[in-house]
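Single-structure report; data block below.
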Amino acid sequence: MLLVLLAVCLLSGFPHDCAGQRYAIVAPHTVRPHSTYEVLVTNLAEQVQQFRCEIVDSQDVPVRTQSVRVDPQQIAQADINIGALEEGKYQLRVWNEHLEKLLNATSLMYSSKSYTVLFQTDKPEYKPGDKVQFRVLFLFPNLRPVLRDVAPSVFITDPSGYRIQKWTDVSLLNDSFRVAEYILPVFKVELTSIPKSFHCDQQNMELRLAARYMGGGMVHGNATIVARANYNNYPSQTKERNVWFDVEVMDSLTGVSYNLTKKFKVYSILYNMDIIDEFEGFYPGLPINLKVRLSEADGSAVPNETVTIVYKVINNDQDMDDGIRNREQLKANSNGIVHLRINTTEETNSVHVEGYYKNITIPLLYAEPLYLEKGVKFLTAYVRRAFHTVNGNITINLDSNVSVRRIYYIGYCQGIVCTKGAIESKNAKKHHVLVIPTNSKMPPNMKLMVFSVLEDGEILSYPVIVQFKSVGSDAFKVTWTQDQPGRYRFGIRAENGAYVGLLGVDQGITLRPSSNNDITLRKIESMEKDAEDSMVLWSVHDSFGVGATLLTDGYLTDVGSVHHGPGGGIGGNARNSLDEDIRQDFPETWIWESLTITDGNGTLVKRIPDTITTWVVTGFAVGQEHGLVVLKEPLRINNAKEVYAQLHAPASIKQFEVVDAVCLIHNNGNDTTVNVEVSPNLETKRSLFLRNGESRRIPFKLSAKTVGVLTIDVVVKTRKGVIIDTTRQSIAVHPAGEEKVAEDVRYVNFANFNNTSFSMTVKQLKLPTSCNAREIQFSVIGTLINLNPYDLESMVAASYGNGGENLLFLQTAIAVYEYLNKTETLSRGKRQKLIGYIEVAYQQHLRFRLNDGSFSMFGTVRKCSSIWLTAATVETLLKARTYLAVDKSVIDEGLSWLVAQSQDDGTFKENCPIVYPHIQSTGGKELSLASSVLLAFVGYQYSEQYADLISKTDSLLKREPIEDVYVLAKTAYLLKNDRTILKKLNGKMVKQGSYSFWRVSNRSQPTASENTRNQGATAYALLANLNQYKLVLSIDDMLRVAQWIQQNMFASDLRKTSFEKIVALEALKILHDRLPTMIPNMNVQVLERSLQINGKNRELLQTIKLPIATLDVKVSVKGTGFAMFKLSYRCTVPPMSARAGKKLPSGRTDPVEVDIIKLKQHNLMQTQWNICATFSAFFSQSPFCRFNIYLPTGLHLVEQSNAFYNRTSSAISQDGDTRLELVYNVKKFPSICFPVTALTYYHLVHLTSGIVELCPMDGTGNT
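In case it helps, mature numbering (1 follows the signal peptide of the UniProt record, and there is no 0) puts the sequence shown at residues -20 to -1, 1 to 1243.
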């Protein structure tokens, strides 16, 4: 936070007309909504003054005002409560309230960031069915809790963007809700240095590599280690170098490997000395006070050691070799700090300081005067101690080269005023001592400004930073004891009234690559660094710069496991009852507790889960006194057992799939022989001899014929049959095949209070008869459509495939931006993200541009100028100019190329392979293609230069009889003023039950699927009607059309966009504006359940799960406003079985199950095979076919993005590298073989089967 100083009547002395107006005002340069704007007013006059501080907007209208009365020679604070404040230009103005005279004014910067919001979840990732627990902390910039005046809202969205949960009027929030499958690591890898630090003179780096199972025991296997170093051209100027070690450890029992990269520093010196205070120069005639810190190479302090400091003071009449070398031997304190005072004179022109320790010479300081001119007046401050504690005083030496009586000070802590005042001596003098009591708001540092005002009005000032020791260990502590087997008691100490959050997780969670869910010290420090204004540099030349800070937390260093003995030997722990002692409670989160501390202490008792692992417990406390405090180090509690079983299996498998799994038996005790039973998949028991510290493996296979849960039991017994350990693990079994979604959608729009009932059903919806029902649910939301359905991140990868997909990516990003902006749901974060997507898509799309200005579907890989792609690109780039700088030549050259392709009668003919036949090739005069070209020209501001082409194409569309409903709808949209065409179009609207739409008549020539053409026709038809100034269709009719669009275009495949959906989205955006704005207030009854829709939850998607057999429901609604209702049916189509070389029947659109024949096994983790197909017939106008290859459980693709092989046009890795999407020209190449390389996270002795889905890109389904 940059500060401004207002002191008009001070800068050049006190003029006569300033009598009674002597003042100095310090205020933040930045104003933030929902914050307190603190103005510090110093009254330098001899009488009381009354000031009025105003914040005014760009229209000179005061938006916030606060008056303050200031006694003579004192500082007072005016706190202006900002509240809600829109983004804009503002000024701070200060008035003499008695005289109503404007004293001063300055411009302010606006920042929307008023709070720190920390979001904590119990885990970084979740599996389907997991319970998601989270906490949200709303804090001020000084990390004190927001407890009043603000009522934030928190909402959770599903992957489609629908809000599925919402909390309002919250401050400190703790709640939960239920939601990529994964398994925890089997073992952990640690790489540590044996010496404390490494030095360049050492010939070797000695490291310790260890791999341990989570419950104890060493891993046996192979390790690969690669060392990497950075080389500097100027090694003499580099105190340290980095050496990276990349380690991969493969467990021989499971075949699992984990990677670890760790960095170690190699230092050129063993010890270092540095000055801990910023020092830019000295004031001639005043002493230089230095704090020098002695540390080891890794930065740790060297306490209580004696060092030698040598300094030389050079005067104006001396050169570098002159001057007396002064030598002092000083003993460091417990923080490794020595204090040094060097006197200077007005003739001093430089000071040289060096440090000596153990034969190492370290240059410390070369300083020159800050001012060379004589007569410059200045003030300096020196903090006597390097680090302070809250319970004490801050002592500062103040020196000046002129005598002053009064010195003022203001301290800022995390952007908030934490201390202020003045000291005064009886007589003016050059040396003062300032003593400031500390308080809890000051840590971790305070930025203090001291200033004095001379009699002539000149201001002398100096900034200084006051550092504090960490208060974490004192303000917040958590300890634990085990009061009985399996039960742990936690003692908590924090300030009274503090909100405390504790989190205890399996250490395997902390090893996940995405584990960034906790509130840690590293986060707090990172936030603190990010919040520092980059323009603020603490300097004597910028005396009024004060930084604002935020807190975060750091990575919790590994302090080792805290062991507690299991007690007794094997026999003492054994039980004979399987059900009594079965281990089946394996949560990844053990502790998730929120509590408020009273009397400074709290207690928590928890029973430890069955997992044999080390539990990591972290915590934080939030209070008014200390703000946010995080445990400096986690607690580690080891749940141990001498002999135990551990299953290594996937989190889920697919129906009928056969997956290899492993049961590990670990022995942390004496040598022993055990018998192991695994059911239901291992029929015979195994006898194993285990030495101390040994682990053995038992492989078995997982398979399930039914969807649901597969339960695996493992029993470990002694040779006499005494049970040592039992464990049970449940594995989800998912249906194999493709998921289908069908929905019945209704809109209800009540301008006045109404009461109605209607039925919803999914019986009539078109779904394959083989589709197995999985879920049926009813949902309601109070908006037209809560859009965020497109997964733009995945489209970034897909857009590398071809020009059509990249154009679709660009259009989608623009459409989503415009829709959210129009519906007033576009946040600042979404705006920046979407603009970024638009920029990325634009830059990528230029790759498909050819030298003549046209665009090719596959760029320079297969050069062929496409009329449709070029026209659609120009039309889209004209829209994109609103959001980014588009090269005008790209548009002009594209239009010029299109002009050259125009026929005399206004028609166009596509010469490239047809990818989207319903747009590019509809037969006859190709009116659809002509209308696409015309759309590119009519939106251009310089369209008059293309008047001939526009006139020809316009005449073509008007004179030719149009019977194709799709082309008719597109033409009606394009020719907005031709109501004859619109009337003809509306005459073809089909009403079917509660829906209205436009149906494309059957064509003798197959193009796109009927449903795709119906979607395009209906979207364009609705848009054509909405573009009329006076509506032709009623709002109710258009809502019936919107219902059809929602059901047929947005019900399923929400993450897959299309050009038809882009048009539909634009229509829904306009329809949203045409609807009357009325806050809904409705009561909904369905199957004896009641739901309320109102202004607070209108954007919340409320759902009710229904029994599988429920295919229709009756809905009763009463109230006012608008709402959307959906009855959703989800099912899975099982794959059609196909063996290698088998011919598939035409017309099938179901996924196909195929055997995987392994081509090459690179190692235990990587395998390769070929996907081969030959087409005997292909009934589609578009020659391009899309392959979707779904991998079996446990396999992930390797390096498939951007891969072009043989005859494929594109190869894209999708869905977290579990699906490969290929596009290639079937008619040109009737056969294909594509190599697939994948990694497996399980020891697969053989591969089973995967799923392949084939379809033409035009969507006909005639494969």
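Quick reminder that beta carbons are idealized off the backbone N, C-alpha and C, glycines included.
Q. Going by alpha carbons, who is nearest to F262 out of N752, G303, P349 and H200?
A. P349
Q. Ends of the beta strand (DSSP E) at Y486?
A. Here residue 486 is Asp; the residue named in the question, Tyr, does not match the sequence. Counting along the chain, the beta strand (DSSP E) containing D486 begins and ends at Y479 to D486.
(Q) Tell me which residue opens and which closes the beta strand (DSSP E) that L270 is part of. (A) I268 to E276
Q. Would you call A952 buried or exposed, if buried means 16 or more other Cβ atoms sit within 10 Å of its Cβ?
A. buried
Q | Close-in-space but distant-in-sequence residues of the same chain around K243 (CB under 6 Å, 5 per side omitted) | A | N222 and W224
Q) Among the residues of its own chain, which have a CB less than 7 Å from the CB of A684, if the five just before and after it don't count? A) I633, Q635, L690 and V713
Q) In chain order, which continuous runs of the beta strand (DSSP E) of length 3 or greater are located wholly inside the segment 822 to 901? A) 835 to 838 and 842 to 846
Q. Using DSSP with H/G/I as helix, E/B as strand and the rest coil, what is H332?
A. strand
Q: Less than 8 Å between the CB atoms is what I'm expecting for I645 and V656, so what's the real figure, rounded?
A: 6 Å
Q: Specify the secondary structure class of D640 as computed by DSSP and reduced to three states.
A: strand
Q) So, are the CB atoms of L59 and E18 less than 8 Å apart? A) Before going on, a small fix: residue 59 reads as Asp here, not Leu. Yes. Within cutoff.
(Q) Measuring straight from C-alpha to C-alpha, what distance separates M230 and V199? (A) 9 Å
**Q.** Supposed contact pair Q71 and T86 - C-beta distance, whole angstroms, cut 8 Å
**A.** 7 Å
Q | Alpha carbon of I692 to alpha carbon of A629, nearest angstrom | A | 10 Å
Q.
Under DSSP, the alpha helix (DSSP H) around F789 begins and ends at which residues?
A. G783 to K802
Q: May I ask you to verify whether the segment 787 to 797 touches the segment 1041 to 1052, counting CB pairs closer than 8 Å and requiring at least 3?
A: yes
Q.
Are the CB atoms of V597 and T500 within a distance shorter than 8 Å?
A. no
**Q.** Contact belief for E906 with S846 at Cβ below 8 Å, rounded distance in angstroms
**A.** About 13 Å separates the two Cβ atoms, so there is no contact after all.
Q: Can you grab the Cα-Cα spacing for the pair T360 / L88, in whole Å?
A: 29 Å
Q.
To the nearest angstrom, how far is the alpha carbon of A1047 from that of L965?
A. 16 Å
Q: Can you give me the start and stop residues for the alpha helix (DSSP H) that K410 sits inside?
A: Where K410 is concerned, there is no enclosing alpha helix (DSSP H), although the beta strand (DSSP E) it sits in stretches over I396 to P417.
Q: Look at the Cβ atom of A56, then the Cβ atom of L24, and state whether they are nearer than 8 Å.
A: no
Q. Under 8 Å, do L1051 and L1011 count as touching if we go by C-beta distance?
A. no
Q) Is it true that the segment 406 to 422 meets the segment 457 to 468, where meeting means three or more beta-carbon pairs spaced less than 8 Å apart? A) no
Q: Could you say if the segment 695 to 710 and the segment 646 to 654 meet the contact criterion of at least three C-beta pairs nearer than 8 Å?
A: yes
Q | Candidates I617, V1216, T593 and Q27: closest to Y624 by CA position | A | T593
Q: Determine the burial state of L440: buried for a count of at least 16 other Cβ atoms within 10 Å of its Cβ, exposed for fewer.
A: buried
Q: Alpha carbon to alpha carbon, how far is V331 from C393? Give it in angstroms, no decimals.
A: 33 Å
Q. So L1071 is in the beta strand (DSSP E); what residue range does that whole segment cover?
A. R1069 to I1073
Q. I289 and V333: beta carbons closer than 8 Å?
A. yes
Q. When burial is assigned at 16 or more other CB atoms within 10 Å of the CB, is H368 buried or exposed?
A. buried
Q: Apply the 10 Å Cβ neighbour rule to L1019 and answer buried if 16 or more other Cβ atoms are within range, or exposed otherwise.
A: buried
Q) For the beta strand (DSSP E) that contains L611, what are its first and last residues? A) Counting along the chain, L611 falls outside any beta strand (DSSP E), and DSSP gives it neither H nor E.
Q) Which ranges would you report for the beta strand (DSSP E) in the segment 921 to 1009 if only whole runs of at least 3 residues count? A) 969 to 972 and 975 to 978
Q. If you draw a straight line from the alpha carbon of S876 to that of L937, how long is it in whole angstroms?
A. 21 Å
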